[in-house]
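Under numbering that gives the first Met the number 0, the sequence shown has 65 at position 66, and the numbering climbs by one with no breaks.
Each residue gets a CB set at the ideal place from its N, CA and C atoms; glycine is no exception.
In this text the structure is predicted, and so the values were computed from the model without any measurement.
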Amino acid sequence: MAASATSKLLVSDIASSVDHVPSNYVRPISDRPNLSEVETSGESIPLIDLRELDGPNRADIIHQFAHACSSYGFFQIKNHGVPEKTIERMMTVAREFFRQPENERVKHYSTDTKKTTRLSTSFNVGSEKVSNWRDFLRLHCFPIEDFIDEWPSNPVSFREITSDYATSVRSLVLTLLEAISESLGLEKDRVSNTLGKHGQHMALNYYPPCPQPDLTFGLPGHKDPNLITVLLQDEVSGLQVFKDGKWVAVHPVPNTFIVNIGDQMQVISNDKYKSVLHRAVVNSDKERISIPTFYCPSADAVIGPPQELINEEEGSPAVYKSFTYAEYYEKFWDRALATESCLDLFKVSKI
Ligand code: OGA
Ligand code: NI
């Protein structure tokens, strides 16, 4: 089949009929995954057990948070309180969603990055030059009642399962925010109080098998623009994190979530914690599903480093200006992952 002759909107609907990736998915040589150079064995990121967070060992666990957030920006959590059943049902309904016939799926298709519920492909087809081997359903999910009526009504259990999952993950996030706030030496509700009315988005990422995974990405290297991300992934590897000059594979561990610091947490921590570069690669024999929850400020929330972390005399001046999350988010989508992050645009001074 001719590589580019397709009128398909979604990569899911071309993946199984091609034996080469179409030319619009081929990355320039300088910007390919170089899969043979990825660190795939050994220890990757810290694992924090939340079981003792509310007990006498809280200080120790908070210390683990401080270490994980400042040295890695990425960690896994276990005993996180989201029921196994909730997770399993979420993953199953996501798989069922993407297995529906094309005509059912494309009902939700939109390239408008401002839509609060939409199915799309790649990252931002409106602004990028090379496409990515990913389809995704993006949903706003807090407050749920503002958005649930827009969500897909097929599979029939989609809304119920997804709202159950989103609610459960939200309460986990609130626990994490308290721990992270404390780990910065702040009052435990300090981070949460800077987020305005709060926002929560989810993506259901679907990466079909790819005939030439060395030539393209599921998602190229990027930093998440939101506050923190809680990622659920199926049993297929694909996530990689940039650490000490190398890409490191983060293999799925059952019953854990992966948490990463996003740009807003970097700002709120005044650079103590860093939003870390990560990417998703694809493979030739298995589809992969990942479900990130992007927790964020509400659009009107004013974000900036808190006074408690600013001390001019002691050499910690404010690194960032204050801005609304809406301003930041718009810049993020416009830039099409062209540069690693847009944090530099919001610095007090560019040195
Ligand atoms: C993302 C992301 C990683 C993955 O959606 O922002 O980084 O493993 N996903 O799908
Ligand atoms: Ni990401």
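From which residue to which residue does the beta strand (DSSP E) around residue i run?
i       : result
Ile-267 : No beta strand (DSSP E) contains Ile-267, which is instead part of the alpha helix (DSSP H) from 262-267.
Asn-204 : 198-206
Gln-99  : Careful: Gln-99 lies outside any beta strand (DSSP E) and carries neither H nor E.
Ala-351 : In the structure as shown, the chain starts at 0 and stops at 350, and residue 351 therefore has no counterpart that could be examined.
Asp-111 : Premise fails: Asp-111 is in no beta strand (DSSP E) and is neither H nor E.
Ala-300 : Where Ala-300 is concerned, there is no enclosing beta strand (DSSP E), given that its DSSP letter is neither H nor E.
Val-240 : 238-242
Gly-220 : 218-221
Arg-117 : 116-120
His-79  : Per DSSP, His-79 belongs to no beta strand (DSSP E) and is neither H nor E.
His-277 : 277-279
Leu-185 : Per DSSP, Leu-185 belongs to no beta strand (DSSP E) and is neither H nor E.
Taking buried to mean at least 16 other C-beta atoms within 10 Å of its own C-beta, is residue i buried or exposed?
i       : result
Gly-261 : buried
Val-301 : exposed
Leu-52  : buried
Val-37  : exposed
Glu-42  : exposed
Arg-104 : buried
Asn-310 : exposed
Glu-181 : buried
Lys-242 : buried
Ile-60  : buried
Pro-27  : exposed
Assuming the contact rule is C-beta atoms closer than 8 Å, residue i and residue j should be a hit. Round their C-beta distance to whole Å, please.
i       : j       : result
Thr-255 : Lys-106 : Actually they are not in contact, since the Cβ atoms of Thr-255 and Lys-106 sit about 34 Å apart, beyond 8 Å.
Phe-74  : Ala-65  : Rounded, the Cβ-Cβ distance is 11 Å, inconsistent with contact.
Phe-293 : Asp-223 : 7 Å
Met-264 : Leu-230 : No, Met-264 and Leu-230 are not in contact; Cβ-Cβ is about 15 Å, not under 8 Å.
Tyr-272 : Gly-72  : 7 Å
Pro-304 : Val-252 : The pair is not a contact, with the Cβ atoms about 33 Å apart (cut-off 8 Å).
Leu-185 : Glu-313 : Wrong, their Cβ atoms sit about 17 Å apart, outside the cutoff.
Whose CA, out of the options, lies closest to the CA of residue i?
i       : options                               : result
Thr-110 : Trp-332, Val-347, Phe-345 and Leu-342 : Trp-332
Arg-137 : Asn-23, Glu-87, Gly-184 and Gln-199   : Gln-199
His-19  : Asn-153, Leu-214, Leu-175 and Pro-32  : Leu-214
Lys-128 : Val-252, Asn-259, Asp-30 and Val-280  : Asp-30
Glu-87  : Gln-232, Gly-125, Asp-59 and Ile-60   : Gln-232
Trp-150 : Ser-167, Ala-178, Arg-117 and Tyr-164 : Arg-117
Val-155 : Asn-259, Ser-43, Asp-145 and Gln-99   : Gln-99
His-221 : Pro-208, Leu-230 and Val-240          : Val-240
Ser-315 : Val-168, Gly-303 and Asp-270          : Asp-270
Ala-298 : Pro-251, Thr-193 and Val-318          : Thr-193
Tyr-108 : His-197, Leu-9, Lys-320 and Ala-325   : Leu-9
Val-247 : Ile-44, Leu-342 and Ile-28            : Ile-44
Arg-57  : Ala-317, Val-258, Thr-39 and Ile-179  : Ile-179
Cys-209 : Ser-283, Asp-59 and Thr-39            : Ser-283
Asn-102 : Gln-63, Gly-244 and Asn-153           : Asn-153
Glu-95  : Pro-27, Thr-228 and Thr-161           : Thr-161
His-197 : Glu-313, Pro-253, Ser-40 and Leu-173  : Leu-173
Pro-296 : Ser-40, Tyr-327 and Gly-54            : Tyr-327
Thr-39  : Ile-28, His-250 and Val-275           : His-250
Gly-244 : Thr-228, Val-275, Val-258 and Gly-125 : Val-275
Thr-91  : Glu-159, Ser-119, Thr-228 and Gly-125 : Glu-159
Span of the alpha helix (DSSP H) holding residue i?
i       : result
Arg-50  : From DSSP, Arg-50 is part of no alpha helix (DSSP H); its letter is neither H nor E.
Ala-178 : 157-182
Tyr-272 : Segment: none, Tyr-272 is in no alpha helix (DSSP H) and carries neither H nor E.
Val-247 : Element bounds for Val-247: not the alpha helix (DSSP H) but the beta strand (DSSP E), 245-248.
His-62  : 57-70
Tyr-294 : Taken as a continuous stretch (DSSP letters only), Tyr-294 belongs to no alpha helix (DSSP H), being part of the beta strand (DSSP E) at 287-295.
Ala-325 : 324-333
Phe-146 : 143-146
Arg-189 : 189-192
Given residue i, which residues of its chain have a CB within under 7 Å of its CB, disregarding the five upstream and five downstream residues?
i       : result
Ser-121 : Glu-127, Ser-130, Asn-131 and Arg-133
Leu-176 : Val-190 and Ser-191
His-79  : Leu-49, Leu-171 and Phe-256
Tyr-164 : Thr-85 and Met-89
Tyr-206 : Trp-132, Arg-133, Gly-217, Gly-237, Ala-279, Val-281, Glu-286 and Arg-287
Thr-115 : His-139, Phe-146 and Glu-149
Ser-11  : Phe-97, Asp-134, Tyr-205 and Pro-207
Leu-344 : Lys-330
Val-81  : Ser-167, Val-168 and Leu-171
Quick one: what's got a C-beta closer than 6 Å to residue i's C-beta in the same chain, skipping five residues either side?
i       : result
Leu-203 : Ala-93, Leu-136 and Ile-290
Val-235 : Lys-285 and Arg-287
Ser-352 : Lying before the first or after the last residue shown, residue 352 is absent from the chain, which here runs from 0 to 350.
Asn-23  : Ser-130
Leu-46  : Gln-75
Ser-3   : Caution applies to Ser-3, whose pLDDT of 48 falls short of 50 and renders its modelled position unreliable; the model cannot decide the point.
Please go through the same chain and pick out, in chain order, the residues whose beta-carbon is closer than 8 Å to the beta-carbon of residue i, but skip the five residues on each side of it.
i       : result
Leu-34  : Pro-212, Asp-213 and Val-280
Ser-348 : none
Thr-323 : Ala-298, Asp-299, Ala-300, Val-301 and Ile-302
Lys-346 : Val-318, Tyr-319 and Lys-320
Phe-141 : Ala-165, Arg-169, His-197, Gly-198 and Gln-199
Cys-341 : Pro-224, Asp-262, Tyr-327, Lys-330, Phe-331 and Arg-334
Ile-353 : Beyond the ends of the chain as shown, which are 0 and 350, falls residue 353; an answer cannot be given.
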